[in-house]
Each structure stands twice: as C-alpha cells, then as structure tokens.
Amino acid sequence: MTTPSGPLADDSAPSPLPAAGAGLSARELQGRAVSGTLWTVLHTVLAAPVAFAANAVVARVLGPASYGSLAFLTLALGLAIAFTNLGVTGGVVQWGATAEARGDRAGADDLLRRSLGYHLLVQLPLLVVAVLVLARDESWLIRGALLLSVALPAAFSSTALSLTIENRTAGAAKIAIASNLVIQASVVATALVSGTAAGVWATRSVAASVLLPLNLLLLDRVRRRVTLRVTLPTRMPSGFWRFCSLAWLAGLVLTLVFSRSEVLLLSWLSTPEAVGLFALAYGVSAQITAPVDALLGPLAPAVAGLVGSHPGSAKAAFLRSVRLAALLAGGVTAVALPLFYVAIPLIYGPAFGAAAPLFLVLGAASCFQSICNPVIVFMQARQRTDVILALSTFALVVNVVVAVALIPPFGVWGATIANAAALAAFFVAGVRHELRVQALSAKAFLAASASWFVALAAAVPAVLLCSLAPSPAPVAAVLAAVVGAVCFVGGLRLTNTGVAAADAEGLRRVMPGRLDRPVRLVLRVLQQRQVAVGEPAVTRDAREVD
3 MTTPSGPLAD DSAPSPLPAA GAGLSARELQ GRAVSGTLWT VLHTVLAAPV AFAANAVVAR
63 VLGPASYGSL AFLTLALGLA IAFTNLGVTG GVVQWGATAE ARGDRAGADD LLRRSLGYHL
123 LVQLPLLVVA VLVLARDESW LIRGALLLSV ALPAAFSSTA LSLTIENRTA GAAKIAIASN
183 LVIQASVVAT ALVSGTAAGV WATRSVAASV LLPLNLLLLD RVRRRVTLRV TLPTRMPSGF
243 WRFCSLAWLA GLVLTLVFSR SEVLLLSWLS TPEAVGLFAL AYGVSAQITA PVDALLGPLA
303 PAVAGLVGSH PGSAKAAFLR SVRLAALLAG GVTAVALPLF YVAIPLIYGP AFGAAAPLFL
363 VLGAASCFQS ICNPVIVFMQ ARQRTDVILA LSTFALVVNV VVAVALIPPF GVWGATIANA
423 AALAAFFVAG VRHELRVQAL SAKAFLAASA SWFVALAAAV PAVLLCSLAP SPAPVAAVLA
483 AVVGAVCFVG GLRLTNTGVA AADAEGLRRV MPGRLDRPVR LVLRVLQQRQ VAVGEPAVTR
543 DAREVD
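According to the working numbering, the sequence shown holds residues 3 to 548 in order.
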C-alpha cells in the first residue's frame with residue numbers, strides 16, 4: 003500500500019475491485035489496519051480538545067446532579083442499542099472481513115444486504131419503543147430528535163459496516179475529524195440555550211446520526227448500491243446465529259462491565275451528586291485513553307482476516323498490538339493522569355473538585371484496559387465469544403458484589419473501586435487465557451507491555467509534586483505533565499523498553515509523508531537502544547506479517 007500524502011489519499015478513495023478470489027495478503031491486511039489505526043488515532047487526538055471543551059461547558063452549565071442525569075440517559079439508550087443488536091454487527095464484521103480478505107466480494111455483499119434488513123426491520127422498531135419510553139416525559143421535539151437518531155444509524159448501518167470489513171476505517175476517520183466539530187458545537191449551543199440534560203442528550207445523539215450518509219462517499223458505486231438494498235435476514239452462513247447469540251450476550255455483559263454502569267447502582271444506592279461526580283471522572287478517564295482505544299476498531303476486521311487467512315502470523319501481530327497499545331497508554335498514564343488530576347477543578351468548576359482523586363483510579367484502570375484490548379480482538383477473531391461471555395460474566399459479578407457492598411458505606415468511592423476491580427478481574431483472566439492459546443509466556447506479555455508499567459511509576463512523582471507544590475493550579479498542571487513526560491522518557495531509556503525497530507519501521511511506512519520527519523524524531527527518542535532479550539524472534543515474525 004502506498005503511503006498517503008494528503009487528506010484524501012490512499013484508502014479514503016474507492017480502489018479498483020479485486021479480482022474474484024484475489025484475497026488480501028498479510029502485508030496488505032496489516033498495512034490497512036495500521037493506516038486505519040493511525041488515522042483513527044489522529045481523529046481522536048484532534049477531537050479530544052474539542053470534546054474536553056464541550057464537556058466542560060456542559061458540566062458547568064448542568065452541575066453534578068443534572069450531569070448525572072445526562073449520564074444515566076446516555077447509558078440507558080446505549081444499553082437499549084446493545085440489547086436490540088443481537089450481535090449482528092459483530093457477526094457481519096467477522097464473516098464479512100474474512101470474506102473480503104479471501105476476495106469473496108459477493109459473499110460480503112450478501113451479508114451487508116441481510117444485515118441492513120435486520121437493522122431496519124427488527125432492531126429499529128424495538129429502538130423506537132425504547133426511545134418513547136425513555137423520553138416519555140419530554141417534549142415531542144426531543145422525542146422526534148431521538149427517533150431520528152436511531153433511524154439514521156439503522157438506515158446506513160451497512161454503509162458503516164462496509165467500511166469496517168474493507169478495512170477503510172482511515173477514510174471514515176477523515177470524515178469524522180470534520181464532523182466532530184459540528185457535533186460538539188451543537189452540544190454546547192444546546193447546553194447554553196436549554197440548560198437541560200434531556201436537551202443535550204437528544205442533540206448529541208441526533209448530531210452524530212445526521213452525518214452518517216457522508217460514509218457513502220468512501221464506497222465505490224457497486225458497494226454503495228449494495229449497502230442501501232434490503233434483504234430479509236435469513237439464510238445466514240453456517241454458525242452465524244450461534245456466534246451472534248453468544249456475541250450478543252457477551253456484548254451486553256461487556257457493556258455493563260466497560261461502560262459506566264455503576265451509574266445505575268449509584269442512582270439507586272447514593273445521591274444524584276455522587277452520580278455526577280463518578281460520571282465526570284469516568285468520562286474524562288475514557289477521553290484520555292480514546293486515542294489508544296481507537297486502535298481496537300481498525301484492528302478487529304484486520305485480525306479477523308489475518309487469523310482466517312494467515313494464522314501463522316497471529317502471534318507476532320498480537321505482541322505488536324500489545325507493544326503499541328502499551329506505549330500509547332504509557333504516554334497517557336505518565337502525562338494525562340497528573341495533568342488532569344490538577345486540572346479537573348479548574349476546567350469543570352469547583353463543584354466537580356471531588357472527582358479529581360476518583361479520576362486517578364479510573365484513569366489508571368482505563369489505561370490498563372487499553373493495553374489489554376488486543377486480547378478481546380483476538381478472541382473475537384477466533385470467534386470465541388463463549389470465552390468472552392464467561393470472562394465478562396465473572397467480571398460483572400465482581401462489579402456488582404463490590405459495588406453493592408461498598409457504595410452504601412463509601413458512596414462514590416465504592417463505585418470507583420468496583421469499576422477498577424471488574425476491569426482487573428476480566429483482563430487478568432483474559433490475558434491468562436490468550437497466552438495459553440497463543441503458547442506465549444507471561445514473561446513475553448509483560449515484556450510487551452513493560453512501557454506502561456514504566457509510565458505508572460513515572461506518574462507517581464508527578465502527582466506528588468503537583469500535590470505538594472504551592473504553585474497556582476494552571477502552573478501546577480503544566481508542571482505535572484512535564485515531570486511525568488520526562489520521567490516516562492527517562493524510564494524508557496533506562497529500562498530499554500521503548501519502541502522495537504520493526505515496530506518503528508512499520509509505523510513510519512503507513513504514516514502520511516508530510517509527518518515522516520516529526521515521526522522519525524519522536525521514534526528516535528522512544529526507540530530501544532539495542533535489541534532486547536527475546537526480540538529477534540518477535541522481529542522475525544513481525545517481518546513475516548509485514
């Protein structure tokens with residue numbers, strides 16, 4: 003794949019159709035995945051400041067109690083969408099990406115048509131009922147906006163799925179960079195004018211939906227027509243519905259484990275203000291790791307194709323994914339945790355000052371989740387939704403037991419501890435299972451994720467310094483970020499746990515040409531001084547993937 007050199011270069015434009023039976027090579031699969039990952043991360047990095055600013059305005063206008071109501075409404079609609087999806091989206095991604103990688107475009111087209119039939123004829127009517135129930139006390143204007151926000155994603159669901167199974171997530175990210183400005187501006191305007199949680203909820207939902215037709219611009223003419231044709235969701239591939247049913251159950255439980263589901267328990271067991279504090283701390287922790295979590299979307303279809311077409315390359319791809327996620331999560335841990343620990347009261351107002359220490363725990367847990375995301379991707383690629391369901395059920399039990407035990411006496415801290423405990427339970431068990439399947443040792447995984455542990459150690463002096471320094475809050479926040487960054491880079495150099503040479507070359511190859519020089523400089527600082535112990539074998543496998 004050629005290196006993109008402009009905003010609409012490479013895979014954002016429709017490419018010639020592959021010849022029948024001409025599948026994608028392992029090199030092209032990984033190239034598309036890395037390109038999509040980098041553009042998605044770029045979108046997230048550019049969107050983060052805008053989202054932070056919009057969220058700050060919303061939080062200041064609404065206050066902790068109403069902000070908690072907004073979190074509750076957002077979570078409720080998200081759960082309704084997950085409940086009515088029945089795992090169809092995940093199934094289409096897995097089967098469609100594998101078919102696309104093999105060059106079976108007709109098979110992928112058939113899946114997309116039947117998927118659209120499910121989303122329009124089955125899921126949409128159920129979501130209409132859910133919206134009318136959730137918004138039963140709101141005006142018809144808000145109800146109409148919410149109905150539109152579920153109708154448009156259903157109508158253009160196969161368009162978005164096509165971009166995913168074709169690994170054209172880079173093109174979608176380029177559109178999202180521009181559309182994010184429209185979404186956040188609409189949210190801020192609504193917060194200032196209406197000052198209500200329901201108004202912000204409806205505006206955020208509908209603003210994201212009305213821009214979905216832009217995805218059609220990224221598809222070729224034939225695929226564009228396919229994604230708008232409805233076929234009854236019958237005669238799916240063998241094993242499809244079994245996979246979807248397990249994926250559906252696992253997805254529901256995963257949503258409860260990985261979303262701020264503690265909001266539900268806090269709403270019943272604590273105060274509205276506690277709900278708002280937890281929601282803000284959780285929201286900021288999710289925002290700071292969004293660039294790292296953006297890796298998960300482009301990786302999923304690429305790994306599905308890789309495991310199905312080139313299983314021998316899976317081990318090297320897994321370790322590379324963990325190394326990249328750990329490095330990015332490490333940067334977030336060392337810099338963003340100390341920075342926002344100081345800045346939360348400054349940005350969101352004194353009413354949210356108590357959310358700062360909660361953020362430290364939730365932020366560290368979110369970063370740990372980010373480095374373990376490849377575990378979920380590879381389990382899904384092998385269609386082991388039964389394992390994901392078992393792990394997520396175990397984690398949900400831990401979550402509920404800890405939350406019910408600790409929220410009554412400790413309030414919002416009980417919810418925070420429950421969230422961190424559930425994530426730890428899921429990923430410790432998940433990593434052990436994946437290492438067993440991949441025939442990897444715990445030492446190999448710890449070596450791949452070592453940069454995050456270095457960052458965790460680097461964040462400690464930064465947090466202590468900003469807590470003890472008598473500087474004004476803005477100065478202390480900047481100082482904390484600088485100290486964290488310096489300690490992180492110094493720790494990487496000292497422990498020689500930076501970027502491996504093969505990983506650095508792979509990143510440079512898919513970056514836009516105009517960014518080559520700054521990327522080269524950054525990688526030079528972060529790159530390992532020499533090949534670490536055990537790296538030659540990994541590097542050799544990585545070259546095979548390339």
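The C-beta atom is built at its ideal place from N, Cα and C for all residues, glycine as well.
Notebook entry, point to check: Would DSSP call V379 helix, strand or coil?
Noted result: Residue mapping note: residue 379 aligns to position 377 of the sequence shown, counting from 1. Three-state result, V379: helix.
Check: Would A444 be called buried (16 or more neighbouring beta carbons within 10 Å of its own) or exposed?
Finding: Reading the sequence shown from its first residue, position 442 is the one you call residue 444. Under this definition A444 is an exposed residue.
Checklist line | Proximity of A115 and R227 at Cβ, strictly below 8 Å | finding: Residue mapping note: residue 115 aligns to position 113 of the sequence shown, counting from 1. Residue mapping note: residue 227 aligns to position 225 of the sequence shown, counting from 1. In the sequence as presented, Ala is not what sits at residue 115; that position holds Arg. Cβ distance not < 8 Å, so R115 and R227 don't count as in contact.
Item checked: Cβ neighbours of A330 in the same chain (closer than 7 Å, five flanking residues each side left out) -> Here residue 330 corresponds to residue number 328 of the sequence shown, with the count starting at 1. Here residue 330 turns out to be Leu, not Ala, going by the sequence shown. Here the set comprises P293, V294.
Note to self: Using the three-state DSSP reduction, which class does G355 fall into: helix, strand or coil?
What the structure shows: Locating residue 355 in the sequence shown gives position 353, where the first residue counts as 1. The answer is coil: DSSP assigns G355 none of H, G, I, E or B.
Next item on the list: To the nearest angstrom, report how far apart I349 and N421 are at their CA atoms.
Entry: Taking the sequence shown and counting its residues from 1, the one referred to as residue 349 is at position 347. Taking the sequence shown and counting its residues from 1, the one referred to as residue 421 is at position 419. Between I349 and N421, the C-alpha separation is close to 24 Å.
Next item on the list: Just the C-alpha distance for L183 and I167, rounded to the nearest angstrom, thanks.
Entry: Residue mapping note: residue 183 aligns to position 181 of the sequence shown, counting from 1. Residue mapping note: residue 167 aligns to position 165 of the sequence shown, counting from 1. If I take the Cα positions, the gap works out to 26 Å.
Checklist line | Exposure of V131, with buried meaning 16 or more beta-carbon neighbours within 10 Å | finding: Counting from 1 along the sequence shown, the entry for residue 131 is found at position 129. Exposed, by the Cβ-count rule.
Note to self: Beta-carbon within less than 7 Å of T291's beta-carbon, same chain only, minus the 5 sequence neighbours each way: which residues are those?
What the structure shows: By one-based count along the sequence shown, residue 291 stands at place 289. Only A331, V334, S368, C369, S372 meet the Cβ criterion.
Margin query: At the level of alpha carbons, what is the spacing between S453 and R325?
Written below: Within the sequence shown, residue 453 is the residue found at index 451, counting from 1. Within the sequence shown, residue 325 is the residue found at index 323, counting from 1. Rounded to whole angstroms, S453 to R325 spans 8 Å at the Cα level.
Next item on the list: For A397, collect the residues of the same chain with a Cβ closer than 7 Å to its Cβ; drop the 5 residues on either side in sequence, then sort them by chain order.
Entry: Looking up residue 397 in the sequence shown gives position 395. Answer for A397: V259, A424, A427, F428, listed in chain order.
Item checked: Same chain only: Cβ atoms within 6 Å of A73, ignoring 5 sequence neighbours per side -> Taking the first residue of the sequence shown as 1, we reach residue 73 at position 71. Counting only Cβ-Cβ distances below 6 Å, and skipping sequence neighbours, we find V265, A281.
Checklist line | Chain-order list of residues whose beta-carbon lies under 6 Å from that of G493 (same chain, five-residue window excluded) | finding: For the purposes of this step, residue 493 is taken as the residue at position 491 of the sequence shown. These residues qualify, in order along the chain: V456, A460.
Notebook entry, point to check: With 16 as the cutoff for other CB atoms within 10 Å, does W250 come out buried or exposed?
Noted result: The residue labelled residue 250 in the question sits at position 248 within the sequence shown. That one is buried.
Notebook entry, point to check: Helix, strand or coil: how does DSSP classify T418 here?
Noted result: Start at 1 with the first residue of the sequence shown, and residue 418 comes out as number 416. It is helical.
Next item on the list: Out of L362, P352, A353, A327, state which residue places its alpha-carbon closest to the alpha-carbon of Y343.
Entry: As a first step, residue 343 must be located in the sequence shown, where it is residue number 341. Closest by alpha carbon: L362.
Notebook entry, point to check: So is P411 buried or exposed if we call it buried at 16+ other beta carbons inside 10 Å?
Noted result: For the purposes of this step, residue 411 is taken as the residue at position 409 of the sequence shown. Classification of P411: exposed, given that the 10 Å Cβ count is below 16.
Next item on the list: Spatial neighbours of G1 within its chain, please: CB distance less than 6 Å, with the 5 preceding and 5 following residues excluded, ordered by chain position.
Entry: There is no way to answer for residue 1, as the model of the chain reaches only from 3 to 548.
Notebook entry, point to check: How is the alpha helix (DSSP H) around P239 delimited, first residue to last?
Noted result: Residue mapping note: residue 239 aligns to position 237 of the sequence shown, counting from 1. P239 -> no alpha helix (DSSP H), and no H or E assigned at all.
Next item on the list: Identify whether F342 lies in helix, strand or coil by the three-state DSSP scheme.
Entry: Along the sequence shown, one-based indexing puts residue 342 at 340. If DSSP states are grouped into helix, strand and coil, F342 belongs with the helices.
Item checked: Buried or exposed by the 16-neighbour rule on C-beta atoms within 10 Å, applied to P66 -> Residue numbering aside, residue 66 sits at position 64 when the sequence shown is read from its first letter. Buried, by the Cβ-count rule.
Notebook entry, point to check: Buried or exposed: which applies to R322, given that a residue is buried once 16 or more other Cβ atoms fall within 10 Å of its Cβ?
Noted result: As a first step, residue 322 must be located in the sequence shown, where it is residue number 320. Its Cβ being crowded by 16 or more others within 10 Å, R322 is buried.
Item checked: For A55 and L129, believed in contact at Cβ under 8 Å, the rounded distance -> Translated into positions along the sequence shown, residue 129 becomes position 127. Translated into positions along the sequence shown, residue 55 becomes position 53. With a Cβ gap of about 30 Å, L129 and A55 do not count as contacting.
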